[in-house]
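Structure first, then comments.
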Amino acid sequence: AEYMGVTVRLSCSVPCVVIGGGPAGVFAAIQASSRGTKTIVLESTSECLKKVKISGGGRCNVTHDEIKPVREIVSGYPRGYKELIGPFTVFGPSQVAKWFRCNGVELKTEDDGRMFPVTDSSQTIIDCLLTAARESKVDIRTHCHVTSLEHTPTASTTTNAPFTIQYIEKQSKMTQTLHANAIILACGSFHGAITWLASLGHTISPHIPSLFTLKTTNPNLHELSGVSVRDISLQLVVPDAQRDHNNNDNIKHLTQRGDLLFTHSGVSGPVVLRLSAFGAKYLYKCNYKTNLLVNWVPDSVKDSIFAQLNHNRIHHPTKAIATTAMFENVPKRLWLEIIRTSGIESSTTWAHLTTTQSKALIRSLTGYEIEVNGKVTNKEEFVTCGGVLLSEIEIKKMQSRIIPNLFFAGEVMDVDGVTGGYNFQ
């Protein structure tokens with residue numbers, strides 16, 4: 140049929156429709172369909188699982204360390220860590236790993252806990268999920284842009300299905316209508332979904348970036364591009380008035396430990412990505428203009444550092460401070476920058492190091508300040524925080540507390556994880 144120049148097909152009714160063909164949507168569809176529920180997946184792009192191709196540097200980090208206790212796993216989620224304890228007890232990393240193995244994918248666990256297919260190829264995960272979807276008879280429809288989602292109480296509909304979905308088939312430009320008994324929203328931060336959910340009575344925390352590297356203003360740090368520093372402590376400086384004092388866990392997580400990498404524009408590495416996730420909402424509020432404090436030697440107390448300086452003054456009086464490697468994890472180029480920041484000339488010997496300079500050097504080692512003036516999206520991750528408030532979700536079922544048979548999967552909920560397989564999990 141044709142209406143106002145647009146071709147319209149007759150509607151049909153199905154038990155379950157999944158909106159979004161990412162890993163969350165496809166996996167949810169497999170689970171529903173394998174239990175005998177006819178399920179359709181609507182994906183707006185040309186293929187499902189596009190993000191999987193580039194995740195984990197093209198290797199696809201499917202989950203995080205299957206042998207870790209659940210309570211340790213949930214610590215990797217800045218939003219949702221308490222709520223996820225129950226669901227992960229039922230289907231956590233160990234169950235995910237078992238599911239992939241049962242579907243022909245062998246996994247390996249690396250030293251940092253990340254789990255990958257032994258093929259080191261994300262295509263292995265894509266093929267596995269699509270094969271499972273095909274065998275479960277999931278009806279995947281690509282090039283389908285959903286334009287509306289409406290809910291009407293069952294008693295008032297002629298189809299006896301409470302949900303109505305309209306979408307446009309991009310290639311044919313035909314408008315389709317589906318009636319469904321259940322909806323699984325797995326479309327991430329898609330703006331249309333936010334509008335639908337708000338109209339259905341849900342409260343949405345704005346989607347904002349999480350997992351990103353940070354730009355710095357100091358050109359001397361740009362000169363350190365490529366330098367990696369192991370096991371440092373990194374603190375996000377948040378004014379006391381802007382701290383969430385009702386959330387002690389969040390305050391605690393504003394300091395992270397891990398490896399840092401200098402880039403041509405700022406700082407990156409696991410510790411920066413983790414801190415950016417836990418501090419995502421504050422960083423967004425301050426427009427990514429703030430300060431970081433770095434402790435380059437977190438296992439050393441100030442008194443012991445001072446004692447080391449005195450030891451060098453006594454035993455190596457003629458040696459230049461710049462040529463003395465005091466800490467194994469501090470590379471030479473960074474050591475020179477620390478000395479410069481402390482107001483010490485590179486030619487200064489230990490015999491000529493003053494008490495004032497010693498104190499300045501200790502401050503630079505344990506509280507080096509980095510001014511931040513922006514962010515850079517991490518190429519391997521496209522993660523947001525925000526979404527449907529968890530208080531409005533029956534988390535054990537991932538079902539809306541407001542609309543029966545409306546379910547959620549993935550980033551459409553206000554849940555997000557740090558890098559390392561947490562978001563795929």
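In case it helps, this note's numbering puts the sequence shown at residues 140 to 564.
Backbone N, C-alpha and C fix where the C-beta goes; we use that ideal spot for every residue, glycine too.
Is DSSP giving residue i helix, strand or coil here?
| i | result |
| --- | --- |
| Glu510 | strand |
| Ser287 | strand |
| Ser404 | coil |
| Cys524 | strand |
| Lys276 | coil |
| Tyr421 | helix |
| Ile333 | helix |
| Thr565 | Nothing can be reported for residue 565: it is not among the residues displayed for the chain, which extend from 140 to 564. |
| Ile265 | helix |
| Pro256 | strand |
| Gln234 | helix |
| Lys498 | helix |
| Lys207 | coil |
| Ala548 | coil |
| Val190 | Checking the sequence, you will find Lys at residue 190 rather than Val. Here Lys190 sits in helix by DSSP. |
| Cys241 | helix |
| Val411 | helix |
| Asn359 | helix |
| Ala152 | The sequence shown places Ser at residue 152, not Ala. In this structure, Ser152 counts as strand in the three-state DSSP scheme. |
| Gly144 | Summary for Gly144: the model assigns pLDDT 41, below 50, so the residue's position carries little reliability, and this model does not support an answer. |
Excluding five sequence neighbours on each side, which residues of the same chain lie with their C-beta closer than 6 Å to the C-beta of residue i?
| i | result |
| --- | --- |
| Met537 | Phe546 and Phe547 |
| Glu569 | Outside the displayed span of the chain (140 to 564) sits residue 569, for which this structure offers no information. |
| Gly215 | Gly556, Val557 and Tyr561 |
| Val213 | Tyr220, Leu223 and Ile224 |
| Glu182 | Gly160 and Thr281 |
One question on the structure: do residue i and residue j come within less than 8 Å of each other, judged by their Cβ atoms?
| i | j | result |
| --- | --- | --- |
| Phe563 | Pro162 | yes |
| Ile339 | Ile532 | Here the sequence assigns Leu to residue 339, which means Ile is not the residue at that position. Going by C-beta atoms, Leu339 is not nearer than 8 Å to Ile532. |
| Ile323 | Cys155 | yes |
| Val285 | Gly331 | yes |
| Val436 | Thr494 | no |
| Leu400 | Ser443 | no |
| Ser497 | Phe417 | no |
| Thr178 | Val165 | no |
| Lys535 | Pro301 | no |
| Ala167 | Ala272 | no |
Near residue i, what residues of its chain come up, given a Cβ to Cβ distance below 7 Å and the 5 sequence neighbours on each side ignored?
| i | result |
| --- | --- |
| Thr228 | Val209 |
| Ser486 | Ala459 |
| Ser407 | Thr352 and Leu400 |
| Lys441 | Ile501 and Thr505 |
| Pro470 | Val366 and Val368 |
| Met552 | Gly526, Val527, Leu529 and Ile532 |
| Cys267 | Phe239, Asn242, Gly243 and Val244 |
| His403 | His361 and Ser364 |
Using C-beta distances below 8 Å, list every residue in its chain close to residue i, excluding the 5 sequence neighbours before and after it, in chain order.
| i | result |
| --- | --- |
| Met254 | Asn200, Val201, Thr202, His203, Asp204, Glu205, Pro232, Ala236, Leu246, Lys247, Thr248 and Gly560 |
| Tyr427 | Leu353, Lys354, Val511, Asn512, Gly513 and Lys514 |
| Asn544 | Pro301, Phe302, Asn320, Ala321, Ile322 and Gln538 |
Going by DSSP, which residues form a beta bridge with residue i?
| i | result |
| --- | --- |
| Val368 | Leu399 |
| His455 | Answer by DSSP bridge pairing: none, since His455 is not bridged. |
| Met537 | Met537 is not bridged to any residue. |
| Asn434 | Ser372 |
| Glu308 | Cys283 and Met313 |
| Pro117 | One cannot answer for residue 117 here, as it falls past the ends of the chain, which runs 140 to 564. |
Checklist entry - Taking one C-beta from the stretch 332-344 and one from the stretch 523-538 each time, how about it: are there three or more such pairs within less than 8 Å? => result In this structure the stretch 332-344 touches the stretch 523-538; the number of beta carbon pairs closer than 8 Å is three or more.
Checklist entry - Does the stretch 463-472 come close enough to the stretch 416-425 to have 3 or more Cβ pairs within less than 8 Å? => result Taking a cut-off of 8 Å on C-beta distances, the stretch 463-472 does not touch the stretch 416-425, as fewer than three cross pairs fall below it.
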